[in-house]
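Line by line, the protein sequences give chains A and B.
Under this note's numbering, the first residue of the first sequence is numbered -2, with each subsequent residue one higher.
Under this note's numbering, the first residue of the second sequence is numbered -2, with each subsequent residue one higher.
Ideal Cβ positions, reconstructed from N, Cα and C, are used throughout, including at glycine.
Please read all numbers here as calculations on a predicted model, not as lab measurements.
Step one of this worksheet: look at the structure below.
2 protein chains.
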Amino acid sequence: MTSLRRKQGFLIVISGPSGAGKNTVVNELGQRLDKIRYSVSATTRPPGPGEVDGVHYNFVTCEKFQEMQEAGELLEWATVYGNSYGTPREFIERTTTRGYDVILDIDIQGARQVRSRWPAGIFVYLMPPSMGELWKRIRTRGRDSADAISTRFKLAWDELEAVFDYDYVVVNSDLDEAVDSLRAIIVAERSKVARCDLLGFIKNLKGQTV
Amino acid sequence: MTSLRRKQGFLIVISGPSGAGKNTVVNELGQRLDKIRYSVSATTRPPGPGEVDGVHYNFVTCEKFQEMQEAGELLEWATVYGNSYGTPREFIERTTTRGYDVILDIDIQGARQVRSRWPAGIFVYLMPPSMGELWKRIRTRGRDSADAISTRFKLAWDELEAVFDYDYVVVNSDLDEAVDSLRAIIVAERSKVARCDLLGFIKNLKGQTV
């Protein structure tokens, strides 16, 4: 039996407004696919309880983070409450070269930066099923002030039109269906002729004795 | 709940060498998807037992067939043992306009004709898992002479390189996996931003009371 190999993996960026359900969907997605890795962010904040360097985050000093930024080693970055977060290019290069696909779940602004620095990525917009559901999800996170909630909601409202910059759209009304669609997108992208080593495959086929 | 509508359906052409397993895969595929129709061929041959006009084939006279050909109403055609077969354009136009996707399973030469007349189609190449398996499948059809079998096998051998003209490739080593990949390709294509009525969707979302 000859197996069809891919030339390399790809980066799949899953984005959408706050409250669209990116985290839940993306965590479930990893359970349903082989040959997949999650992108690991670099951050200047100290590790929280149970957080492992290189697994949950790459914990780096502020100097190191700035160095990475200046050397073009980050696909995107942002500062939240005084801590910097960014997506290292090197992990994605290394992992896709080894034939794995990398999932990156990130907000709209981050995705925009990633697109400019890694245009070969596949960009999926996760769409909330209704504004009521979006409002509920933002409100019940329980970690934001009333002001922060209404700012988030306003931003999500404005970010809906960003979908037109994406390759695919998935409406997150039912978790199982949304994950199934995301899985389908990855399986389909893996099946693209341009991504597969078909010269090698056909050579092997024809070399077999019948 | 707002649902995301597509602007229209698409034509998905599933092709591959004789013996790749097109029929089996395509029949199973229809069971796993909604909003799908099979293309119905026009033919000049008389109906066989149990064959229903408009369901299994459109049975037409030779004059009518030639008329359709000359009027550009066929996406492809071929003559086999003195009978003509062709794919009517009108059914695909009408069905995709109504939001259904149309599956057409066809040989490599037919697919080539369809591509030139319906370039918006999605073209999937079904690849045999090995030449031994291909040989076995061609040989055990039980409807061909030894000469016909070896001609078919030689043609299949030569047609492997046609895969480079296709969008997607699926290796048919395991029926269930092959059907799953085909289903994934259709689900993914349906999720493309360019195919969805997102202006309408977002307008509906924003018109909801929260």
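**Prompt:** Leaving out the 5 sequence neighbours to the left and right, which residues in its chain are closer than 8 angstroms to Leu195/A when beta-carbon positions are compared?
**Reply:** Leu1
**Asked** Taking the Cβ atom as the reference point for each residue, do Asp127/A and Gln205/B lie within a distance shorter than 9 angstroms?
**Response** As written in the sequence, residue 127/A is Ser, which differs from the Asp given in the question. Yes, these two residues count as a Cβ contact at 9 angstroms.
**Item:** For Val168/A, the nearest candidate out of Lys61/A, Gly13/A and Ile9/A (CA to CA)
**Value:** Gly13/A
**Item:** Own chain, CB closer than 6 angstroms to Thr92/B, minus 5 neighbours either side, in chain order
**Value:** Arg34 and Val99
**Request:** Classify Gly96/A as buried or exposed, calling it buried when 16 or more other Cβ atoms lie within 10 Å of its own Cβ.
**Result:** exposed
**Asked** Mind checking Cys193/A: buried by the 16 CB within 10 Å criterion, or exposed?
**Response** buried
**Request:** Mind reading off the beta-carbon distance from Leu8/B to Ile183/B? Whole number of angstroms is fine, and I expect it under 8 angstroms.
**Result:** At roughly 11 angstroms, the Cβ-Cβ gap does not stay under 8 angstroms, so Leu8/B and Ile183/B are not in contact.
**Member of Asp102/B, Arg42/B and Ile105/B whose CA lies at the smallest distance from the CA of Gly79/B** = Arg42/B
**Message:** Which residues in chain B have a C-beta closer than 8 angstroms to the C-beta of Leu172/A? List them in chain order.
**Reply:** Those do not exist, as Leu172/A stays about 15 angstroms from chain B at its closest Cβ, beyond 8 angstroms.
**Residue environment, Phe88/A, which counts as buried when at least 16 other CB atoms sit within 10 Å** = buried
**Asked** In chain order, what residues of the same chain have a beta carbon less than 6 angstroms from the beta carbon of Tyr209/B, not counting five sequence neighbours either side?
**Response** Given a span of -2 to 207 for chain B in the structure shown, any question on residue 209/B remains unanswerable.
**Within chain B, partners of Ile199/A - CB distance below 8 angstroms** = Leu157, Glu158 and Val160
**Cα-Cα separation, Val52/A to Gly107/A** = 20 angstroms
**Asked** From what residue to what residue does the alpha helix (DSSP H) around Ser147/A run?
**Response** Ala143 to Glu156
**Request:** Verify whether the separation of the beta carbon atoms of Leu240/B and Gly83/B is less than 9 angstroms.
**Result:** The shown model of chain B, from -2 to 207, leaves out residue 240/B, and the question about it has no answer.
**Asked** For Asn20/B, which residues does DSSP report across the bridge?
**Response** BP columns for Asn20/B are empty, so no partner.
**Asked** CA-CA distance, Ser170/A and Arg109/A?
**Response** 24 angstroms
**Prompt:** Taking just the CA atoms, how far does Ile11/B sit from Phe198/B?
**Reply:** 31 angstroms
**Asked** Taking only beta-carbon atoms, is Trp74/A less than 9 angstroms away from chain B?
**Response** no
**Message:** Does Leu179/B pass the burial test, meaning 16 or more other C-beta atoms within 10 Å, or should it be called exposed?
**Reply:** buried
**Asked** Apart from the five residues just before and just after Arg3/A, which ones in its own chain have a Cβ nearer than 8 angstroms to its Cβ?
**Response** Gly96, Arg187, Arg192, Cys193 and Asp194
**Residues that Arg3/A bridges to, as DSSP identifies them** = Cys193/A
**Helix, strand or coil at Val176/B according to DSSP, with G and I counted as helix** = helix
**Prompt:** Out of Ile119/A, Glu48/A, Pro85/A and Ala17/A, which has the shortest C-alpha to C-alpha gap to Asp209/A?
**Reply:** Nothing about residue 209/A can be read from this structure; chain A reaches only from -2 to 207.
**Prompt:** When we look at the beta-carbon of Glu130/A and count the other beta-carbons within 10 Å, is it buried (16 or more) or exposed?
**Reply:** buried
**Asked** Got a sec? Which residues, its chain only, sit under 6 angstroms from Thr148/A by beta carbon, not counting five neighbours each side?
**Response** none
**Message:** Measuring alpha carbon to alpha carbon, tell me which residue in Ala175/A, Lys200/A and Val190/A is nearest Ala17/A.
**Reply:** Ala175/A
**Asked** Mind pulling the chain A residues with CB within less than 9 angstroms of Ser178/B?
**Response** Val184, Ala185, Arg187 and Ser188
**Request:** Determine the chain B residues that contact Met65/A at a beta-carbon separation under 9 angstroms, and present them in chain order.
**Result:** Result: empty, since nearest Cβ-Cβ is about 32 angstroms, beyond 9 angstroms.
**Asked** Taking the beta strand (DSSP E) that Arg34/B falls in, what are its first and last residues?
**Response** Ile33 to Tyr35
**Item:** Proximity to Lys61/A [Cα-Cα], best of Thr76/A, Pro116/A, Asp50/A and Thr40/A
**Value:** Thr40/A
**Asked** What is the rounded straight-line gap between the Cα of Lys32/B and the Cα of Trp115/B?
**Response** 20 angstroms
**Buried or exposed (CB count within 10 angstroms, at least 16 for buried), Ser113/B** = exposed
**Request:** Within the same chain, show all residues whose beta-carbon is closer than 7 angstroms to that of Trp74/B, passing over the 5 residues directly before and after it, in chain order.
**Result:** Gln66, Ser81, Tyr82 and Gly83
**Message:** Using 8 angstroms for Cβ pairs, my map puts Ser15/B next to Asp104/B. What's the rounded Cβ distance?
**Reply:** 7 angstroms
**Request:** Output the residue ranges of the beta strand (DSSP E) runs that lie fully inside the segment 52 to 132 of chain B and measure 3 residues or longer, sorted by chain position.
**Result:** 54 to 56, 71 to 77, 80 to 85, 98 to 102 and 119 to 124
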